[in-house]
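A.B. asks:
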Ligand SMILES: [Zn+2]
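In the UniProt record's numbering, the protein residues as written are 1 to 122.
1) Buried or exposed for residue 99, going by 16 or more other Cβ atoms inside 10 Å?
2) For the beta strand (DSSP E) containing residue 24, list its first residue and its last residue.
3) Comparing C-alpha positions only, which one of 66, 103 and 93 sits nearest to residue 117?
4) For residue 80 and residue 66, which I take to be in contact (beta-carbon distance under 8 Å), what is that distance rounded to the nearest angstrom?
5) Restricting to Cα atoms, I'd like to know which of 22, 27 and 5 is closest to residue 33.
6) What's the C-alpha gap between residue 121 and residue 28?
7) Given a threshold of 16 other Cβ atoms within 10 Å of its Cβ, counted over all protein chains shown, does residue 16 qualify as buried or as exposed?
8) Who are the near neighbours of residue 40 in its chain, counting only those whose CB is closer than 7 Å to its CB and skipping five residues on each side?
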């Protein structure tokens, strides 16, 4: 029975050191080559600076989705579209999320662009 292979070292428990040329014990699995227990979490107790305390944000547990009301509205329109295939909808919604993360909101031009694709031509 194999546990999950550590993704940091690829399972050999050691990571290469680009500077020293030697390998060091993998900090992630501590040399076991397997991923740490998922439930144990990854608490870094050395970080005590207040700047590391993130404000309480509502994290959606569902699939990644738009955060702004315009984005949500747009995603709904995309989902309701009768001309788009499922993969095209997924791609457009990903574009909305991406656009929001770079622009902070959905620009009018972007909304128009997405709507054009979501609506039947003509
Ligand atoms: Zn490892």
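Using N, Cα and C, we set each Cβ at its ideal position, and we do this for glycine too.
From a predicted model like this one, the values you see are computed outputs, not experimental measurements.
C.D. replies: Per the coordinate set shown:
1) Under this definition residue 99 is a buried residue.
2) Residue range 23-25 is occupied by the beta strand (DSSP E) that includes residue 24.
3) It is 93.
4) That belief does not hold up - the Cβ atoms of residue 80 and residue 66 are roughly 14 Å apart, past 8 Å.
5) Minimum Cα distance to residue 33 is reached at 5.
6) So the alpha carbons of these two residues sit roughly 52 Å apart.
7) Exposed is the call here.
8) Its pLDDT being 47, under 50, residue 40 is placed unreliably in this model, and the coordinates cannot settle the point.
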